[in-house]
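What follows is a short report on a single structure.
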Amino acid sequence: MNTIIQARELSRWYGIVMGLNNVSFDIGPGLTGVVGPNGAGKSTLFQVITGQLQPSSGVLTVFGERPWNNPQLLQRIGYCPERESIAKELRPVAWLEGLGLISGLRAQEARRRAEQMLEKVKLAREHWTKRMAQFSKGMRQRVKLAQALLHEPDLLILDEPMNGLDPMGRQEMAQILKELAAQGTSIVISSHILAELEALCQSILILNWGRILASGEQKDIRADLKNWSEQLSIRCSDPEKLVRHLFEAGVLVGFDLESADGLLHVRVKDPEHFYGQWLRLLHESQTEVFEIRSANRSLRRIFEKVTT
Amino acid sequence: MSADIDPRARSVALRPTFWGAFRGLWLLAWRTQLSLRRLPLVLASLGLIPILAYATVEDEATRPFFHWTVEFYFLLGLPLYCLSVCGAMIRDELQSDTLGFLSTRPMTRARLFLGKFLCNFIWLQGLALLCGLLMVAVGWTRAISGITAFALIFLAAQFLAVLSYGALSSLLGLIHQRYMVLGFIYGFVVEVGIGQIPTNINNLSLSRHLRTILGNDRTIQDLYEWTPDRTLFSVAAMLAASALFLAAGAVLFTFREYHQSEEMQK
Numbered sequence: 005m006n007t008i009i010q011a012r013e014l015s016r017w018y019g020i021v022m023g024l025n026n027v028s029f030d031i032g033p034g035l036t037g038v039v040g041p042n043g044a045g046k047s048t049l050f051q052v053i054t055g056q057l058q059p060s061s062g063v064l065t066v067f068g069e070r071p072w073n074n075p076q077l078l079q080r081i082g083y084c085p086e087r088e089s090i091a092k093e094l095r096p097v098a099w100l101e102g103l104g105l106i107s108g109l110r111a112q113e114a115r116r117r118a119e120q121m122l123e124k125v126k127l128a129r130e131h132w133t134k135r136m137a138q139f140s141k142g143m144r145q146r147v148k149l150a151q152a153l154l155h156e157p158d159l160l161i162l163d164e165p166m167n168g169l170d171p172m173g174r175q176e177m178a179q180i181l182k183e184l185a186a187q188g189t190s191i192v193i194s195s196h197i198l199a200e201l202e203a204l205c206q207s208i209l210i211l212n213w214g215r216i217l218a219s220g221e222q223k224d225i226r227a228d229l230k231n232w233s234e235q236l237s238i239r240c241s242d243p244e245k246l247v248r249h250l251f252e253a254g255v256l257v258g259f260d261l262e263s264a265d266g267l268l269h270v271r272v273k274d275p276e277h278f279y280g281q282w283l284r285l286l287h288e289s290q291t292e293v294f295e296i297r298s299a300n301r302s303l304r305r306i307f308e309k310v311t312t
Numbered sequence: 646m647s648a649d650i651d652p653r654a655r656s657v658a659l660r661p662t663f664w665g666a667f668r669g670l671w672l673l674a675w676r677t678q679l680s681l682r683r684l685p686l687v688l689a690s691l692g693l694i695p696i697l698a699y700a701t702v703e704d705e706a707t708r709p710f711f712h713w714t715v716e717f718y719f720l721l722g723l724p725l726y727c728l729s730v731c732g733a734m735i736r737d738e739l740q741s742d743t744l745g746f747l748s749t750r751p752m753t754r755a756r757l758f759l760g761k762f763l764c765n766f767i768w769l770q771g772l773a774l775l776c777g778l779l780m781v782a783v784g785w786t787r788a789i790s791g792i793t794a795f796a797l798i799f800l801a802a803q804f805l806a807v808l809s810y811g812a813l814s815s816l817l818g819l820i821h822q823r824y825m826v827l828g829f830i831y832g833f834v835v836e837v838g839i840g841q842i843p844t845n846i847n848n849l850s851l852s853r854h855l856r857t858i859l860g861n862d863r864t865i866q867d868l869y870e871w872t873p874d875r876t877l878f879s880v881a882a883m884l885a886a887s888a889l890f891l892a893a894g895a896v897l898f899t900f901r902e903y904h905q906s907e908e909m910q911k
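Going line by line, the protein sequences match chains A and B. For what it's worth, our numbering labels the leading residue of the first sequence as 5, then goes sequentially. For what it's worth, our numbering labels the leading residue of the second sequence as 646, then goes sequentially.
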């Protein structure tokens, strides 16, 4: 794997508070999601990647170079910060044009790119002449994304870009990111909306308390969870009979009964083995099953598992 | 494996230069300053002292006029205005959490600092020139003797004052969030204290050099007994001080981290 971002024993602390605690990881091309609760160290990591903070110890490289005070490298990085901080007194085209000029675009090109990017992020043209103080949170997110795309970066760092977007907006944002990734832009994105990261990103990095709890491709992380118990909810004609039979077969690690509703919650030790035996066990128990639901191995579940 | 991955072929050409970046910063600066929220403040700060001077100075009242123009406007109001504008140039970005949009652009932090300073300097010079001309207009209207000869020296000294006080203020703004307090301490210790000591140590004071430059005007000589001795040295000292402040600011901004969370916690 070509590594876009590489961290080795990277730490960053603020006084006695650890932002990142001795983390090592590799991030490759494509879409990578960074997941973690508030205070996990996501924004600190992004600020180190974009050269706004220096590591307290260890090394982080982007495209093989250290980002701090490295303008050459910054030409290849686009950054969209988390907070809805924008130049509120300005209009979006003027703001993007100014930032484009600072990035090294020529005057006409800066103006053209500004308009092009506003179109790309689907900010309605009627808002282009309004001051950004009047913008909704979702509109500000779009403008923030547009400024990150101005100079056509190879790597996009997006800190919670979905915040404040309505469902339609999120879908549009996801589509834009997918298109960018398809065109060869590597994207590192953090979000609290895990289902969206799950659908978007091949790879994830799970952070908590400044440490990396899991990293890699989603399928690999799922494979690592083989030994985790999985919870199933089964609605059936005789829950007590079914649970007794399953328990005797040694496939459960625990259960909860809601006899009145005919509902049985079971925790299965080895899901793959269980599903292999399930039909036979059901047949033997002579119980009629109406519904079976699995708390599937979603990113949310993975996240909950590794952070608890 | 870490790898140097070649950049993709771009559809846009990036040629980051200092002047290109300055154009961008200037575009953002003047549009922000002329926004509806700030414009009333700008106009008020521009017109307040000339209006007060016009209202309180009687015709041919030379001393009260120069009291307003030199002692109040030039030696107090102007440095404080420089402090509030240039001290805030990075702090404002930090407070509103927009510094990241600039510091992640392809230019060194030193260039960013100098570009921001240049924008604020030009803006301040424009305002100070207008304000200075208004003060001179008040002098003409009130038939103050020697106002025409004073005007040229006054405007030239003001140019240097804005440069040096602006550079100092931008450095103070980088040193601490409470740059206004730092500025007052500096003012009392260096300008009011050391600047009045009748030995060479008063060369450390910017206002002492400004007094020397203004001393080239005969009316000022008569009123304040400021002598124009070693005017060129004073001009050179102010230019050197400005360069020193800016260099220190650029170095500080290059090596020190500034981030919003820290700013908000203070």
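Beta carbons: idealized from backbone N, C-alpha and C, even for Gly. All values derive from a computational prediction rather than experimental measurement.
Kindly say whether residue i, judged by its beta-carbon, lies nearer than 8 angstroms to any beta-carbon of chain B.
i, result
"Ile193/A", "no"
"Gly62/A", "no"
"Asn4/A", "Nothing can be reported for residue 4/A: it is not among the residues displayed for chain A, which extend from 5 to 312."
"Ala98/A", "yes"
"Pro171/A", "no"
"Ser73/A", "The residue asked about is misnamed: residue 73/A is Asn in this sequence, not Ser. Output row for Asn73/A: interface = yes."
"Gly104/A", "yes"
"Tyr314/A", "There is simply no residue 314/A to check, as chain A begins at 5 and stops at 312 in what is shown."
"Ala91/A", "yes"
"Pro165/A", "no"
"Ser107/A", "yes"
For my contact list, residue i and residue j are in at a C-beta cut-off of 8 angstroms; report their separation, rounded to the angstrom.
i, j, result
"Arg95/A", "Val657/B", "With a Cβ gap of about 22 angstroms, Arg95/A and Val657/B do not count as contacting."
"Ile90/A", "Arg144/A", "5 angstroms"
"Leu162/A", "Ile193/A", "4 angstroms"
"Cys84/A", "Ala11/A", "Actually they do not touch by this definition, with Cβ atoms about 20 angstroms apart."
"Val293/A", "Lys273/A", "Rounded, the Cβ-Cβ distance is 20 angstroms, inconsistent with contact."
"Val97/A", "Ile9/A", "That pair is no contact at about 32 angstroms."
"Ala755/B", "Ala885/B", "With 8 angstroms as the limit, Ala755/B and Ala885/B do not qualify as a contact, their Cβ atoms being about 19 angstroms apart."
"Asp874/B", "Thr857/B", "7 angstroms"
"Ser748/B", "Leu759/B", "At roughly 14 angstroms, the Cβ-Cβ gap does not stay under 8 angstroms, so Ser748/B and Leu759/B are not in contact."
"Met121/A", "Lys92/A", "The Cβ separation is near 19 angstroms, so there is no contact."
Could you tell me whether any Cβ in chain A is nearer than 8 angstroms to the Cβ of residue i?
i, result
"Met646/B", "Caution is warranted here: a pLDDT of 45 is assigned to Met646/B, below 50, making its placement in the model unreliable, and no coordinate value can be reported."
"His904/B", "yes"
"Gly665/B", "yes"
"Thr677/B", "yes"
"Ser729/B", "no"
"Gly745/B", "yes"
"Ser680/B", "yes"
"Pro685/B", "no"
"Gly669/B", "yes"
"Ser741/B", "yes"
Could you give the distance in angstroms between the alpha-carbon of residue i and the alpha-carbon of residue j?
i, j, result
"Ser814/B", "Ser107/A", "27 angstroms"
"Leu670/B", "Cys764/B", "7 angstroms"
"His904/B", "Gln740/B", "9 angstroms"
"Leu100/A", "Arg115/A", "8 angstroms"
"Gly220/A", "Glu113/A", "39 angstroms"
"Leu827/B", "Leu775/B", "28 angstroms"
"Gln51/A", "Leu808/B", "33 angstroms"
"Pro843/B", "Leu855/B", "16 angstroms"
"Tyr718/B", "Gly745/B", "36 angstroms"
Short of 6 angstroms in beta carbon distance, which residues of its chain neighbour residue i, apart from the five on each side in sequence? Order them along the chain.
i, result
"Gly295/A", "According to the sequence provided, residue 295/A is Glu. The question's Gly does not apply to it. So the list reads Arg239, once near-sequence residues are dropped."
"Ala698/B", "Trp713, Val783"
"Lys124/A", "none"
"Phe766/B", "Gly811"
Kindly list the residues whose CB is nearer than 7 angstroms to the CB of residue i, restricted to its own chain and excluding five residues on each side of it in sequence; keep chain order.
i, result
"Asp158/A", "Arg80, Thr189, Ser190"
"Asp170/A", "Gly142"
"Thr291/A", "Cys240, Ser241, Asp242, Lys245, Leu246"
Within the continuous alpha helix (DSSP H) that includes residue i, where are the two ends?
i, result
"Thr707/B", "707-711"
"Trp17/A", "That residue, Trp17/A, is in no alpha helix (DSSP H); its beta strand (DSSP E) goes 9-18."
"Ser748/B", "744-748"
"Glu101/A", "96-107"
"Asp163/A", "Note, Asp163/A: premise wrong, no alpha helix (DSSP H); beta strand (DSSP E) at 159-163."
For residue i, which residues of its own chain have a beta-carbon under 8 angstroms away from its beta-carbon, when the five flanking residues on both sides are left out?
i, result
"Glu13/A", "Asn26, Val27, Ser28, Ser61, Gly62, Val63"
"Asn74/A", "Gly55"
"Leu817/B", "Leu728, Gly732, Tyr824, Leu827, Gly828, Tyr831"
"Ser790/B", "Glu705, Thr707, Thr864"
Determine the extent of the beta strand (DSSP E) in which residue i is found, giving its start and end residues.
i, result
"Ser729/B", "Segment 723-731 is the alpha helix (DSSP H) holding Ser729/B; no beta strand (DSSP E) there."
"Met752/B", "Taken as a continuous stretch (DSSP letters only), Met752/B belongs to no beta strand (DSSP E), as it is neither H nor E."
"Ala218/A", "215-221"
"Glu234/A", "234-240"
"Glu262/A", "256-262"
"Ile193/A", "190-194"
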